[in-house]
Amino acid sequence: MLDTSVGSGKTAGQLRSRPSASFHRRRLVALGALLPVGALSLAAYWLARRCAQDEERLMQHTAQVLQQERERIANELHNVVAHDLTVVTMHARALELTLSPAERRRSLRAISTSASEALQGIRRMLHIVHDDEPTTPAAENITAHLRTLAEKLEALGIPAVLNAPSHPVMSADVAAALRQIANECVTNILKHAPGTPDVRITLALTPLAVEFTAWNAPSHDDGVPPPHPSGTGLGRIAAQAEQLGGNATAGPEDGGWSVSVRLGRKETKVAIHQGSPGV
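Per the numbering used here: the sequence shown ends with 1506, consecutive numbering throughout.
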């Protein structure tokens, strides 16, 4: 049999017909049509992934905001009612222990006053929660409030000495924070040292800061300091101080227990060096 490829000088592959120009054009057109589809698919994938990530971040942020709001409401509720309810409880116990008509009348008046103040505080808190526009608290004479706290201690048979300027000047935010801090300190004294024979409340002003100290002698006759508090109230005091650029310290001092707080006098945060209690 004759090999025809030898005679012609071409291989079998060379004898195959080459793709025409129109074939290449059709292939390019097909590829060109597929490229946008691929690009759109890739873009859709990244968009879906981005949306999923954004949704996850939004859910985490929402959960964090809700948790912070729960903590804020719990703290506000504590600040509003804890002190007054503690005073009510102490006077209710006093009613069980005394037969003096004068003492009983005094305790009943204190219970009525503290219960009314707690109710007013709850109403103020509810008004703030439902008010869309935040209100700026009016500045109060913090010394007048400290004097009221000292009188409440005296009414429970606890001697209290107040050392504070008559008309201290400070921002409304600082005064409001000091009010809550002082309430917390007196509440802790009533809880942990109800039989203390001596309480000293001090308020001092420097050009840049306000210094507040609440000290109480131990309620035990043997001179042993009262048990260390759980730290919940002290944690709230420290958090309030930090919000205004200050600090709070607590611990044994002069045979008793002392809580010392230092706040900037203005609303702007001021960096303050931490010191020992009472300093």
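Virtual Cβ for every residue (Gly too), placed ideally from N, Cα, C.
Using DSSP with H/G/I as helix, E/B as strand and the rest coil, what is residue i?
| i | result |
| --- | --- |
| Val1488 | strand |
| Thr1459 | helix |
| Pro1479 | strand |
Decide if residue i is buried, meaning its Cβ has at least 16 other Cβ atoms within 10 Å, or exposed.
| i | result |
| --- | --- |
| Met1286 | exposed |
| Glu1378 | exposed |
| Ala1420 | buried |
| His1318 | buried |
| Ile1428 | buried |
| Leu1435 | exposed |
| Cys1412 | buried |
| Gly1460 | buried |
| Gly1491 | buried |
| Val1314 | buried |
| Gly1422 | exposed |
| Arg1489 | buried |
| Ala1266 | exposed |
| Pro1263 | exposed |
| Ala1270 | exposed |
| Thr1289 | exposed |
For residue i, report the span of its beta strand (DSSP E) as first-last.
| i | result |
| --- | --- |
| Leu1430 | 1426 to 1432 |
| Ala1436 | 1436 to 1443 |
*3 or more residues per run - each beta strand (DSSP E) lying fully within the stretch 1349 to 1404*: 1387 to 1390
*Would you call the stretch 1346 to 1357 and the stretch 1303 to 1313 touching, i.e. three or more CB-CB distances under 8 Å?*
yes
*Are at least three pairs of beta-carbons, each pair with one atom in the stretch 1463 to 1475 and one in the stretch 1397 to 1407, less than 8 Å apart?*
yes
*Segments of 3+ residues assigned as beta strand (DSSP E) that fall wholly inside the stretch 1285 to 1327*: none
*Spell out a yes or no on whether the stretch 1365 to 1375 and the stretch 1387 to 1399 are touching, meaning 3 or more CB-CB pairs, one atom from each, closer than 8 Å.*
yes
*asked:* With three or more beta-carbon pairs closer than 8 Å as the criterion, would you say the stretch 1477 to 1487 touches the stretch 1318 to 1336?
replied: no
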